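Participant: Heads up: the sequence shown begins at 67 in my numbering, then just goes up one per residue.
The structure follows.
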Amino acid sequence: MEKITLELLFQINGIGSASGLIYRDDSLFIISDNSSFLYEYNIQEKELHKIKLFEKSQENIPKKDKFDFESITQKGNKFYLFGSGSTPNRNKRISYDLTSAAIEDKDLSAIYGKLKQTASISDADLNIEGSLFHNEKWHLFQRGNGAQSKNGLFVLDKKENDIRFFPIPLPKIQNIEATFTDAILVEDKIYFLAAAENTTSTYDDGEVLGSFIGALSFDTFEVAFTQKISATHKFEGLSLYTSSKENIEFLLCEDKDTEALETDIYKLTLNLK
67 MEKITLELLF QINGIGSASG LIYRDDSLFI ISDNSSFLYE YNIQEKELHK IKLFEKSQEN
127 IPKKDKFDFE SITQKGNKFY LFGSGSTPNR NKRISYDLTS AAIEDKDLSA IYGKLKQTAS
187 ISDADLNIEG SLFHNEKWHL FQRGNGAQSK NGLFVLDKKE NDIRFFPIPL PKIQNIEATF
247 TDAILVEDKI YFLAAAENTT STYDDGEVLG SFIGALSFDT FEVAFTQKIS ATHKFEGLSL
307 YTSSKENIEF LLCEDKDTEA LETDIYKLTL NLK
């Protein structure tokens, strides 16, 4: 079993329902699943800045109207934010250029339709919660917390015009399977978060039963390890903080499923010895 420690690092006021984060140059870039802002928090200065993704960006958007940004990743000099796809208005992908601050909006309805067709997933059960780009391919992590329980990984090869789906079973808590909530690539492994939630809906929240950290082999997508890290928290964001031969440190954020504009940031240390 991997040696893991988890500690609360600090709290950020002004952000609620955090669903993804990226650590870069002593700042945290954070998304919220009920907001249409991208947040930048300077750790040393303890200052929070809001980046408008739309002309009329809002916080605490009603559930039926929200874009449900559940995933943020970096490709080149841009951040990419993905809507979950769990309703028609959650099919957007936003890019943010780190140099020019230019923002682009893309409708992924057609691509998300192909994902559902490839994996035989119903409209209500698509739920993209993690993303990464590597070897000219997008890797999108499907949280299988819907009625069909299809948890796994989509690999999109644009050059070959090919989409593949890899089902990935994860551990259970009280007979409820944990499902992906975020993932990042570190060297030759995909480290991921997964949560067990007592619901069969991608739309309605359920009782949180716990969260896991784990890793997949990048070559085979086989599960290398999983370990429960909490019985009460639903961690939804994962970013690399520091790494050495002895340890990897990650930063995590938690979605509390409330309208409170506060976000706890945790540090998880994985001992590699």
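Quick reminder that beta carbons are idealized off the backbone N, C-alpha and C, glycines included.
Computed from a predicted model, the values in this text were never measured in an experiment.
#1: Run through the DSSP bridge pairs and tell me what E273 is partnered with.
#2: If S137 and S197 are in contact, beta carbons under 8 Å, what's the gap, nearest whole angstrom?
#3: Out of R159, I242, K130, D285, which one is the CA nearest neighbour of V274?
#4: Under 6 Å Cβ to Cβ from N100, same chain only, skipping five residues before and after it: list those, please.
#5: Could you tell me the boundaries of the beta strand (DSSP E) in which Q77 lies?
#6: Return yes when the Cβ of E111 is within less than 8 Å of the Cβ of K333, no when it is not.
#7: Considering T245, what are the terminal residues of the beta strand (DSSP E) in which it resides?
#8: Would you mind sorting E195 into buried or exposed? The rule is 16 or more other CB atoms within 10 Å of its CB.
#9: So for A297, helix, strand or coil by DSSP?
#10: Beta strand (DSSP E) containing L317: first to last residue?
#11: Helix, strand or coil for D131? Go by DSSP, reduced to three states.
#12: Is F301 closer than 8 Å to S277 when the C-beta atoms are compared?
#13: Under the three-state reduction of DSSP, which class applies to I177: helix, strand or coil?
#14: Select from L104, N79, S175, F207 the residue whose C-alpha is nearest the C-alpha of E113.
#15: Checking the sheet assignment: what are the DSSP bridge partners for G149?
Facilitator: Taking the geometry as given:
#1: N264
#2: 4 Å
#3: I242
#4: S83, N126, I127, K132
#5: 69 to 79
#6: no
#7: 245 to 252
#8: buried
#9: coil
#10: 313 to 320
#11: coil
#12: yes
#13: helix
#14: N79
#15: F135
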